Amino acid sequence: MKPRELAVCGLPAVRALFARDAAAIQRLYFDYPTGRRLGVICRALAAARRIYRCVEPAELEKVAGTVHHGGVVAVIAAREWRAPRPEDLRRWAHHREPLLLLDRIGNAHNLGAIVRTAAFFGVAHIVIPDDPEQALPGEATYRIAEGGMEHVEFFRVAALPEFIRAARAFYEVVGTAVRGATPLPAIPASRPRGAMRPVALVLGNEERGLGAEVAAACERLVTIPGGGAVESLNVAAASAILIHHLFGRGGVAGRPVAEESQ
1 MKPRELAVCG LPAVRALFAR DAAAIQRLYF DYPTGRRLGV ICRALAAARR IYRCVEPAEL
61 EKVAGTVHHG GVVAVIAARE WRAPRPEDLR RWAHHREPLL LLDRIGNAHN LGAIVRTAAF
121 FGVAHIVIPD DPEQALPGEA TYRIAEGGME HVEFFRVAAL PEFIRAARAF YEVVGTAVRG
181 ATPLPAIPAS RPRGAMRPVA LVLGNEERGL GAEVAAACER LVTIPGGGAV ESLNVAAASA
241 ILIHHLFGRG GVAGRPVAEE SQ
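Quick note, the sequence shown lines up with residues 1 to 262 if you use the numbering used here.
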């Protein structure tokens, strides 16, 4: 069976892909204005005897599957995702590497925005469930992530509650909720090295939040306090606040830079 292919659209995403794994690009299509900015990539593809071609806008839209192609499309083989092994969790926790778990994030654009935030703050490991409601990293995710897909690694597990229970041996698993949860500041961003397990953050579905079994498997639930005019934030906006609070204050897994110098 021929491997499934993905169209990676947009100059930031294509440049990031080329920088991380130039050999992954099987074919490259671009319009004339964008082609003038792709000299290095085209020379590398020529040396590797890969197809690269300047095409008309209508053909580029057809290859991309969207009008939002940003002038360039790189065709790659879709990646496969495995489940994290216990030794992965042990190694990540030992180095206090952040861990992000997604419970049925259904919108690919939200997924792309979350990936971009994760990459910005150095969250390299993302776990998703094998669930039909969970959006998979695809064309829209690559485009919205603006190159962030090249700085994160996805993992896929059969059952998220079961994985969370196993991960608790290495991580403090914190879920999100709109009601009945502790306000965010109750979990300090400053977490002394060696004193606690690092945090794994779980984000829930856009409409229904965390599933009941997922929420029950978490060690604690937090919410972002607001002014009350609307009930909650979009999951992508919430992810930026939560990831910054828990992971993004200049250190690894919530440990600030100041602790490094002590």
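Even for Gly, the Cβ is constructed at its ideal location relative to N, Cα and C.
Just so it is clear, the structure is predicted and the values come from calculations on it, not from any experiment.
Discussion item. Would ILE114 and SER239 qualify as a contact pair, given that the criterion is a beta-carbon distance under 8 Å?
Written reply: Cβ atoms of ILE114 and SER239: closer than 8 Å.
Discussion item. So, with DSSP's three-state summary, where would you put LEU205?
Written reply: In the sequence on display, residue 205 carries Asn and not Leu. In the three-state DSSP reduction, ASN205 falls in the strand class (E or B).
Item to complete: Using a threshold of 8 Å, state whether the C-beta atoms of PHE121 and ILE241 are closer than that.
Response: Not a contact, by the Cβ cut-off of 8 Å.
Worksheet item: Going by other Cβ atoms of all chains shown within 10 Å of its Cβ, with 16 needed for buried, is VAL14 buried or exposed?
Response: Buried, since its Cβ has 16 or more Cβ neighbours within 10 Å.
Worksheet entry | Terminal residues of the alpha helix (DSSP H) in which HIS94 lies | Boundaries of the alpha helix (DSSP H) around HIS94: 86–94.
Worksheet item: From PRO86 to ARG96, what does the alpha carbon distance come to, in whole angstroms?
Response: PRO86 and ARG96: Cα-Cα distance of roughly 15 Å.
Discussion item. Along the chain, where does the beta strand (DSSP E) containing ARG43 start, and where does it finish?
Written reply: Judged by DSSP secondary structure, ARG43 falls outside any beta strand (DSSP E) and instead within the alpha helix (DSSP H) spanning 39–47.
Worksheet item: Comparing alpha-carbon positions, which option in PRO225, LEU201, GLY148 lies nearest ALA217?
Response: The shortest Cα separation from ALA217 among PRO225, LEU201, GLY148 belongs to LEU201.
Worksheet item: Under the three-state reduction of DSSP, which class applies to PRO12: helix, strand or coil?
Response: Correct three-state label for PRO12: helix.
Practice prompt. Using only the heavy atoms of the ligand FAD, determine whether one of them is closer than 7 Å to the beta carbon of HIS69.
Written response: This structure lacks the ligand FAD; in fact it carries no ligand of any kind.
Worksheet item: Using DSSP with H/G/I as helix, E/B as strand and the rest coil, what is LEU60?
Response: Reduced to three states, the DSSP call for LEU60 is helix.
Practice prompt. Starting from the Cα of GLY71, find the closest Cα among ASN205, GLU80, GLU56, ARG82 and give me that residue.
Written response: Among ASN205, GLU80, GLU56, ARG82, the Cα nearest to that of GLY71 is on GLU56.
Discussion item. My output table needs one value for TYR52: the three-state DSSP class, helix, strand or coil.
Written reply: The three-state secondary structure of TYR52, taken from DSSP, is strand.
Discussion item. Measuring straight from C-alpha to C-alpha, what distance separates ASN107 and ASN234?
Written reply: Rounded to the nearest whole angstrom, the C-alpha separation of ASN107 and ASN234 is 11 Å.
Item to complete: For ALA77, name the three-state secondary structure that DSSP assigns.
Response: Strand at ALA77.
Worksheet item: So what does DSSP say about GLY175, is it helix, strand or coil?
Response: In the three-state reduction of the DSSP assignment, GLY175 falls in the strand class.
Worksheet item: Based on Cα-Cα distance, which residue from VAL123, VAL157, TYR142 lies nearest to VAL132?
Response: The question names Val, yet the displayed sequence has Pro at residue 132. Ranking VAL123, VAL157, TYR142 by Cα distance to PRO132 puts VAL157 first.
Discussion item. Taking only three categories from DSSP, how would you classify GLU162?
Written reply: Note: GLU162 maps to helix in three-state DSSP.
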